[in-house]
Amino acid sequence: MIGEYARVTAAELDRAVRDPEGALKLVTGWMEEEADTLPPAAEARCLDIDKSWDALGFLLRRTGFPVDVVHGEEAIPGADDWGYGPPRCLTPERVAAAAEAMAELTGEQLTAGAHPADLAAAEVYPVIVWERGESLDYVRHHYDELRAFFRAAADQREGMLIWLG
């Protein structure tokens, strides 16, 4: 399971709510285009945070992070499964709130005091990684990319589509 994100304009978000199947086609096209160019997170329309999504959610919840940037906050009514369930979204206002909160929380601060054993005990996906004692550098790397992605979206007043693929 991979955490997936797509930056969308307010109009594209409205369209996604009305036509989730059309939104999936649009996002799939962006993902295919970017697979060839691999733009940096701050320039990309789409981002995947690999399997770090559950660890990020766990660590963000323990900080009291104000926005659910891992699963999104609003359902897309009538959306079909985009991998491991339907997509959810964040409005441009919630993306801006998340970007502001992320600006105050570095990757080092996010993982400070956390140990792989904590993630294993909490059964954070993928548990086997944390049971082996893998470094949290992987999580910090993806958080830093997510920060840049959210900052760029907030600067453009964009919303976000979020799903597990």
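Residues in the sequence shown are numbered from 5 upward in steps of one, following this note's numbering.
We put the beta carbon where it would ideally sit given N, CA and C, even for glycine.
Alpha carbon to alpha carbon, what distance is there between residue j and residue i?
i      : j      : result
Trp86  : Arg98  : 22 Å
Val131 : Ala121 : 10 Å
Gly82  : Pro90  : 9 Å
Glu47  : Arg22  : 27 Å
Asp58  : Leu140 : 13 Å
Met164 : Val12  : 6 Å
Ala10  : Ala27  : 10 Å
Please say whether residue j and residue i have beta carbons closer to each other than 8 Å?
i      : j      : result
Ala79  : Arg92  : yes
Glu149 : Asp84  : no
Ala45  : Phe69  : no
Thr41  : Leu109 : no
Gly169 : Ile53  : no
Pro4   : Glu162 : Summary: the structure shown does not reach residue 4, with the chain confined to residues 5 through 169, and so no result is reported for it.
Trp134 : Ala124 : yes
Check residue i in the structure and name its three-state DSSP category.
i      : result
Gly7   : strand
Leu42  : coil
Pro130 : coil
Based on DSSP bridge pairs, tell me the residues matched to residue i.
i      : result
Glu78  : Cys93
Met164 : Arg11 and Leu94
Leu51  : Tyr9
What are the boundary residues of the alpha helix (DSSP H) that residue i is part of?
i      : result
Gly169 : That residue, Gly169, is in no alpha helix (DSSP H); it is neither H nor E in DSSP.
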